[in-house]
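Order-wise, the sequence lines are chains A and B. Note that the first sequence covers residues 230 to 340 in the working numbering. Note that the second sequence covers residues 1183 to 1426 in the working numbering. Built from N, CA and C at the ideal position, the CB exists for glycine as well. In what follows, a structure is listed as structure tokens, so that the remarks can point back to it.
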Amino acid sequence: MKLKEIIEKLPLKVVAGKEALDHEISGGYCGDLLSDVMANAEKGAAWLTVQGHQNIVAVALLRELAAIILVNGHQPDEETVAKADEEGVCVLTTPLTGYRLAGKLFECGLI
Amino acid sequence: MRTYKADLHIHSCLSPCADLDMSPKRIAEKSKAEGLDIIALCDHNSAENVEAAVRAGKVCGVHVLPGMEINSREEVHVLAIFDRPDQALAMQEVIYQGLKGVNRPEFFGDQVVVNGLDEVEGFNDRLLIGAVALGLEEIVRKIHALDGLCLASHVDRPSYSIMSQLGFVPPELKLDGLEVSDPEWAGSGGKDILDNVGLPLLTSSDAHFLADVGGRFSRFRMASASTGEIRLALQGKSGRAVEI
Chain A
230 MKLKEIIEKL PLKVVAGKEA LDHEISGGYC GDLLSDVMAN AEKGAAWLTV
280 QGHQNIVAVA LLRELAAIIL VNGHQPDEET VAKADEEGVC VLTTPLTGYR
330 LAGKLFECGL I
Chain B
1183 MRTYKADLHI HSCLSPCADL DMSPKRIAEK SKAEGLDIIA LCDHNSAENV
1233 EAAVRAGKVC GVHVLPGMEI NSREEVHVLA IFDRPDQALA MQEVIYQGLK
1283 GVNRPEFFGD QVVVNGLDEV EGFNDRLLIG AVALGLEEIV RKIHALDGLC
1333 LASHVDRPSY SIMSQLGFVP PELKLDGLEV SDPEWAGSGG KDILDNVGLP
1383 LLTSSDAHFL ADVGGRFSRF RMASASTGEI RLALQGKSGR AVEI
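In structure tokens form, the structure reads like this:
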């Protein structure tokens, strides 16, 4: 499934990395400790987090994640948006909590 | 030039979870007994006991640097260490503006403000254990704008450390040094990680109980007890040096 198909169905706003919307998304990972995400997130996953620091971009690149989704209304730092645009990493925001968004991603068939 | 034995991370009874015996006077006395030349008082998100600690240190002959341990928006703990209480109190103003919530003593303990004579002046009712609504970069900038030292706390711990929260030390961040809780960690598995970062290391006790004061310390070879000299020692400049 492509990232843009998910964006059409769910309340997600693209805040950085628009050119990555054609990327394939294959699953998800939830975590706010970057040490944990670096160790465990799977390639192609959408990463649900509240962490908006610019280090999230490097973690997404390292693990080859499909997108970073800041949940529960959290916003990325300015440096994060700049870096994500530069590196072509898609950053999305949603007013939904991580729990609810994960449920909706399941409903979309990402399991 | 001489060697100073320094423990730059000590909490007082103002910190939630710190022992009530951690009064500035007792900390100063214990520091003297441990042979420490310099200590920094770094309570969580507050500097309300630093003036008492500086005064108590003068009585005992221990140089007390006023500081605080700030919990950033990313929930990374960083130490802000200054030469004078007015600098620490200016930093406290910045932090208080971004700190929400009220303490619940039944969960986090009393947050006691005392004077240099160990007399209770009052209780701080802010949620000092909370995170401030400021990102790390901004906190580091503000500390440096006030001429303070900025050290990442206990980078080798699995919680509230820059490594746990952010995975690695952002290269752009202008930290003055990294505190390790376990110098052995720095010497073994952590060494590769920290070598890549290229920031100087120091160790300190992070004491919340009197018995832990001076339990870990760093030795600074420098000309006087000041944050400027500590910065030079951390950078290994002008004949200054730090040893952990």
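Between glutamate 308/A and chain B, the shortest Cβ-Cβ separation is below 8 Å. Counting only the Cα atoms, proline 1382/B lies some 25 Å from glutamate 1216/B.
Going by DSSP, aspartate 1377/B is part of no beta strand (DSSP E) but of the alpha helix (DSSP H) stretching over 1372-1379.
For the pair alanine 1315/B and arginine 1255/B, the CB atoms are nearer than the 8 Å cut-off. Here phenylalanine 1391/B is not near alanine 1188/B, since their CB atoms are 8 Å or more apart. Three or more Cβ pairs closer than 8 Å define a contact, and the stretch 318-331 of chain A falls short of that threshold against the stretch 1195-1206 of chain B.
For serine 264/A, the chain B residues whose Cβ falls inside 7 Å of its Cβ are Met1345, Ser1346 and Gly1349, in order along the chain.
Closer than 8 Å to the CB of glutamate 1361/B there is not a single CB belonging to chain A. Taking C-beta atoms as the reference points, histidine 1259/B and histidine 1326/B fail to come closer than 8 Å.
Secondary structure at glycine 1418/B: coil, using DSSP grouped into helix, strand and coil. A distance of 8 Å or more separates the beta carbons of isoleucine 1209/B and alanine 1229/B. DSSP places proline 1248/B in the uninterrupted beta strand (DSSP E) bounded by 1245-1253. With at least 16 other beta carbons inside 10 angstroms of its own, arginine 1308/B counts as buried. Close partners of valine 318/A in chain B (Cβ separation under 8 Å) are lacking, with about 15 Å as the shortest Cβ gap.
Within the same chain, Tyr258, Gly260, Trp276, Thr278, Val288 and Arg292 come within 8 Å of valine 266/A by CB-CB distance, once the 5 residues on both sides are set aside.
Under the three-state reduction of DSSP output, aspartate 1189/B falls in the strand class. If one requires a minimum length of 3 residues, the beta strand (DSSP E) runs lying completely within the stretch 1205-1285 of chain B are 1220-1226, 1245-1253 and 1259-1263, in chain order. Where valine 1294/B is concerned, the enclosing beta strand (DSSP E) starts and stops at 1294-1296. Counting only residues of its own chain and dropping the five nearest sequence neighbours on each side, leucine 241/A has a CB closer than 6 Å to the CB of Leu321 and Thr323.
Looking at the backbone, the Cα of histidine 1226/B and that of alanine 1200/B are separated by about 10 Å.
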